[in-house]
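Under the working numbering, read the sequence shown as residues 20 to 146, first letter to last.
What follows is a short report on a single structure.
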Amino acid sequence: MELKEIAQELVNGCRAGAAKVRENLDKLYAEDAVSVEAADMGGQGRETHGIKAIHGKHDWWENAMEEHASEVSGPFYFGDEQFSAVFKVDATDKQSGDRFQMEEIGVYHVKDGKIVREEFHYAVEAP
């Protein structure tokens, strides 16, 4: 797939919900993809290596947070191998009961038709 196809598929999947996001992990990401967070949110460190571990990161989020609303803007392109999207989330931490709003930019690096790295830059600190 070409960069713009991958980017649009990822953004459309995020708008469609968790099931499509999961499907897109397997479809759009390289097996050895790396996911990097701005902060360690789940006690697993900031970097996650490999598609199986990235699925685990999504498992953690779905089990730890209740999403009330989410919004995705983009994709925004940078050269031939990068794109980004802006995510806004209104969620509650299930353990603490604290509700928060978070905004982040996801920066995606593409090589050989697959996402090989994603980096999340937070505009609002998550819990």
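Every residue, glycine too, gets a C-beta built ideally from N, C-alpha and C.
Here the structure is a predicted model, which is why all the values come from computation and not from measurement.
Given residue 47, which residues of its chain have a CB within under 7 Å of its CB, disregarding the five upstream and five downstream residues?
Excluding positions up to five away in sequence, the list reads 25, 28, 29, 133 and 134.
Rounded separation between residue 49 and residue 89 - CA only:
Taken atom to atom, the span from the alpha-carbon of residue 49 to that of residue 89 is near 26 Å.
Flag this pair as touching only if the segment 71–84 and the segment 94–103 have three or more C-beta atom pairs under 8 Å; answer yes or no.
The answer is no - the segment 94–103 does not touch the segment 71–84, with fewer than three Cβ pairs under 8 Å.
Below 8 Å on the Cβ atoms is my guess for residue 138 versus residue 129; work out the distance and round it to an integer in Å.
Not really, about 13 Å apart at Cβ, beyond 8 Å.
Integer-rounded CB distance, given that residue 104 should sit under 8 Å from residue 122
Distance from residue 122 to residue 104 at the Cβ level is roughly 12 Å; contact not present, criterion being Cβ atoms closer than 8 Å.
Distance, residue 120 Cα to residue 87 Cα
Each residue's Cα considered, the two are about 10 Å apart.
C-alpha distance - residue 7 paired with residue 37, whole-angstrom precision
Residue coverage of the chain in this structure runs from 20 to 146, which leaves residue 7 outside it and unanswerable.
Would you mind giving the Cβ-Cβ distance between residue 109 and residue 83, rounded to the nearest angstrom? I have them listed as a contact below 8 Å.
The pair is not a contact, with the Cβ atoms about 15 Å apart (cut-off 8 Å).
Closest by CA to residue 114, which one among 91, 124, 107 and 85?
For the residues 91, 124, 107 and 85, the minimum Cα distance to residue 114 belongs to 85.
Give every residue of the same chain whose Cβ lies closer than 7 Å to the Cβ of residue 57, excluding the five residues on either side of it in the sequence, and list them in chain order.
Closer than 7 Å at Cβ, skipping near neighbours: 139, 140 and 141.
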